[in-house]
Amino acid sequence: MLRTRWREMTSRPALKWTFSTLFWLPMGICFTELLYTVKSVTGRSMQPTLNPDSSVWHDIVLFDRWSVKASRDYNRGDVVAIKSPYDSKLLVKRIVALQGDKVKTLPPYPDPEVKIPEGYAWVEGDEPFKSEDSNHFGPIPLALIDSKLTFIVWPWNRIGPLRKPTLPNPKAQRGPAWRAQKAEVEREERRRARVQVASSST
Amino acid sequence: MVWLHNVQRIVRDATQQFSNVEWKTVRPKVVTALKVVNFVCAWHLFVEHVGWIRYVDGPSMVPTMNVTGEWIVENRMISPKNLARGDLITFVSPLDPSRFVCKRLIGLPGDVICVDPMGKYVPSTEHVVIPKGHIWLSGDNANASRDSREYGPVPMALVRGKFVARVWPLDKLTIFRSNFRYIDEDP
Chain A
24 MLRTRWREMT SRPALKWTFS TLFWLPMGIC FTELLYTVKS VTGRSMQPTL NPDSSVWHDI
84 VLFDRWSVKA SRDYNRGDVV AIKSPYDSKL LVKRIVALQG DKVKTLPPYP DPEVKIPEGY
144 AWVEGDEPFK SEDSNHFGPI PLALIDSKLT FIVWPWNRIG PLRKPTLPNP KAQRGPAWRA
204 QKAEVEREER RRARVQVASS ST
Chain B
362 MVWLHNVQRI VRDATQQFSN VEWKTVRPKV VTALKVVNFV CAWHLFVEHV GWIRYVDGPS
422 MVPTMNVTGE WIVENRMISP KNLARGDLIT FVSPLDPSRF VCKRLIGLPG DVICVDPMGK
482 YVPSTEHVVI PKGHIWLSGD NANASRDSRE YGPVPMALVR GKFVARVWPL DKLTIFRSNF
542 RYIDEDP
């Protein structure tokens with residue numbers, strides 16, 4: 024009796040599809056929790072790397088959880104998603120310094136310079152004025168790092184891996200785009216200049 | 362050029378063999394393998410989000426837990442709201458992301474805590490207010506424990522679950538209850 028009911032139910036294609044989706048759901052959830060997931064990034068704290076003013080869309084980015092969870096493979100300069108120490112929400116920031124480094128902090132932080140303790144990292148947004156980062160909450164435990172941002176999936180004109188800023192061609196025609204590219208390199212240099220990398224970990 | 366001829370032959374044989382295998386006969390095996398993977402995934406999700414039994418060791422929670430040889434049921438279905446002072450909290454160590462540790466919850470956000478009553482790390486007069494979204498954790502065996510006295514308040518994002526009951530060894534079966542007593546409460 025039950026078996027015939029079951030057969031009737033599963034003979035309907037819509038129901039069959041629902042059941043098979045539910046059946047395979049654990050594999051899908053595990054894939055997004057352990058390997059890779061795609062999320063949209065909101066907020067202006069990572070401008071101009073993500074969500075630049077010129078873009079009308081929120082950036083959609085590939086989050087690499089595997090390299091963080093399996094091999095703790097991240098370094099200074101990587102863009103990572105961290106869980107906020109205050110409310111566990113995901114924040115997208117850049118790792119500026121790791122354990123042993125000395126960082127010159129920016130205004131909201133009480134001390135002018137900090138040495139990052141063992142097991143901690145210093146994270147900052149690329150746009151320091153619009154970012155809630157380590158200058159507010161101090162160094163964060165490495166265990167709060169959730170995933171690494173590796174690839175911009177959308178918008179279409181910026182599809183591709185997240186890459187380091189490069190100097191613009193000095194012979195090219197100078198316009199707003201040229202100056203923006205130059206400014207990005209200078210911003211990166213200024214951020215590097217505030218960090219004294221620990222001698223043992225170079 | 363004999364070796365090249367050999368390689369060509371091996372490749373040709375292999376492709377011929379592969380083309381002889383029909384998808385109809387392989388398909389059930391692939392589906393079975395995927396079902397096994399799917400089951401492992403479901404089990405992983407259960408352990409991560411619902412809870413299971415865990416082996417504990419280390420001296421920091423003596424006398425609540427022994428140094429070795431105990432298995433304890435962990436509850437992963439927690440939220441920041443249902444944490445209470447006196448709970449046995451499991452969390453990822455702020456000092457080392459690969460370490461999973463258990464300590465007792467002493468203070469919730471807004472509480473004023475004496476950092477170290479024994480004066481080992483800082484003078485025993487120093488007090489802190491626990492910030493929003495953080496908790497204060499400490500080992501039951503203060504002499505052999507690295508806890509909030511050393512690394513300060515712990516963000517709730519590091520908390521994974523709480524320990525409910527000891528199930529092994531069987532003669533020491535216990536359900537962990539809060540051993541917290543408020544000293545200004547009426548007896």
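In the order they appear, the protein sequences are chains A and B.
Mapping of the first sequence onto this note's numbering: position 182 corresponds to residue 205, and the numbering continues sequentially without gaps.
Mapping of the second sequence onto this note's numbering: position 147 corresponds to residue 508, and the numbering continues sequentially without gaps.
Cβ coordinates follow ideal geometry from the N, Cα and C atoms, glycine included.
Residue i burial status per 10 Å Cβ neighbour count (16 or more: buried)
i	result
A:Ala104	buried
B:Met479	exposed
A:Thr225	Caution applies to A:Thr225, whose pLDDT of 46 falls short of 50 and renders its modelled position unreliable; the model cannot decide the point.
B:Val462	buried
B:Gly412	buried
B:Ile536	exposed
B:Asp532	exposed
A:Thr72	buried
B:Trp497	buried
A:Ser34	exposed
A:Lys171	buried
B:Thr425	buried
B:Lys385	exposed
A:Ala120	buried
B:Leu519	buried
B:Ser509	buried
B:Met422	buried
A:Arg26	exposed
A:Lys106	buried
B:Gly494	buried
B:Pro530	exposed
A:Glu136	exposed
B:Val387	exposed
8 Å Cβ cutoff, residue i in contact with chain B
i	result
A:Lys10	Limits of chain A in this structure are 24 at one end and 225 at the other, which puts residue 10 of chain A out of reach.
A:Tyr97	no
A:Thr33	no
A:Tyr59	no
A:Gly244	In the structure displayed, chain A extends from 24 to 225; residue 244 of chain A sits before or after that span and is not available.
A:Trp40	no
A:Asp110	yes
Proximal chain B residues relative to residue i, where beta-carbon distance stays under 7 Å
i	result
A:Leu165	Pro458
A:Ile52	Leu406
A:Lys106	Ala518
Interface residues of chain A facing residue i [CB-CB closer than 9 Å]
i	result
B:Ser454	Gly142, Pro164 and Ala166
Under 8 Å from the C-beta of residue i: neighbouring residues of chain A
i	result
B:Asn399	Phe46, Trp47, Pro49 and Met50
Neighbour flag for residue i against chain A, beta carbons, 8 Å
i	result
B:Lys464	no
B:Gly494	yes
B:Thr376	no
7 Å Cβ cut-off: residues of chain A touching residue i
i	result
B:Ala403	Pro49
message = Would you call the region 145 to 154 of chain A in contact with the region 496 to 513 of chain B, where contact means no fewer than 3 C-beta pairs closer than 8 Å?
response = Touching, no.
key: Any 3 or more C-beta pairs closer than 8 Å across the region 126 to 145 of chain A and the region 158 to 169 of chain A   = Contact between the region 126 to 145 of chain A and the region 158 to 169 of chain A is present, because at least three Cβ pairs lie under 8 Å.
inquiry  = Does the contact criterion of 3 or more C-beta pairs under 8 Å hold for the region 521 to 532 of chain B versus the region 434 to 451 of chain B?
reply    = With a cut-off of 8 Å, the region 434 to 451 of chain B and the region 521 to 532 of chain B count as touching, because enough Cβ pairs lie within range.
query = Quick check: the region 41 to 49 of chain A against the region 118 to 135 of chain A, are there 3 or more CB pairs under 8 Å?
reply = No contact exists between the region 41 to 49 of chain A and the region 118 to 135 of chain A.
inquiry  = Threshold first: 4 residues or longer. Then list the alpha helix (DSSP H) segments lying entirely within the region 78 to 135 of chain A, N to C.
reply    = The region 78 to 135 of chain A contains these whole alpha helix (DSSP H) runs: 89 to 92.
task = Please confirm if the region 132 to 141 of chain A is in contact with the region 80 to 87 of chain A, defined as three or more CB-CB distances below 8 Å between the two stretches.
result = For the pair of segments examined, the region 132 to 141 of chain A was found not to touch the region 80 to 87 of chain A: the number of CB pairs separated by less than 8 Å stays below three.
key: Ordered list of beta strand (DSSP E) runs contained in the region 429 to 466 of chain B, each at least 3 residues   = List check, beta strand (DSSP E) in window: 431 to 436 and 449 to 453.
ask   = Taking contact to mean at least 3 C-beta pairs separated by less than 8 Å, is the region 113 to 120 of chain A in contact with the region 67 to 81 of chain A?
value = Yes, the region 113 to 120 of chain A is in contact with the region 67 to 81 of chain A.
task = Determine contact between the region 49 to 66 of chain A and the region 402 to 410 of chain B, defined as no fewer than three beta-carbon pairs at a distance below 8 Å.
result = These segments touch.
key: the region 438 to 446 of chain B in contact with the region 465 to 483 of chain B per 3-pair CB rule at 8 Å   = Contact between the region 438 to 446 of chain B and the region 465 to 483 of chain B is established, with three or more Cβ pairs separated by less than 8 Å.
request  = Decide yes or no for the touch test of the region 171 to 181 of chain A against the region 190 to 210 of chain A: beta carbon pairs closer than 8 Å, at least 3 of them.
outcome  = No, because fewer than three Cβ pairs between the region 171 to 181 of chain A and the region 190 to 210 of chain A fall closer than 8 Å, the two stretches do not touch.
inquiry  = Using 8 Å as the cut-off, can you tell me whether the region 202 to 219 of chain A makes contact with the region 181 to 190 of chain A, which would need three or more C-beta pairs spanning the two stretches below that distance?
reply    = Verdict: yes, contact present.
request  = Within the region 137 to 213 of chain A, note down every full beta strand (DSSP E) run reaching 3 residues or more, in order along the chain.
outcome  = You should have 143 to 147 and 168 to 177.
ask   = Along the chain, which unbroken stretches of the alpha helix (DSSP H) at least 4 residues long are found entirely within the region 474 to 517 of chain B?
value = With a minimum length of 4 residues, the continuous alpha helix (DSSP H) runs that stay inside the region 474 to 517 of chain B are 509 to 512.
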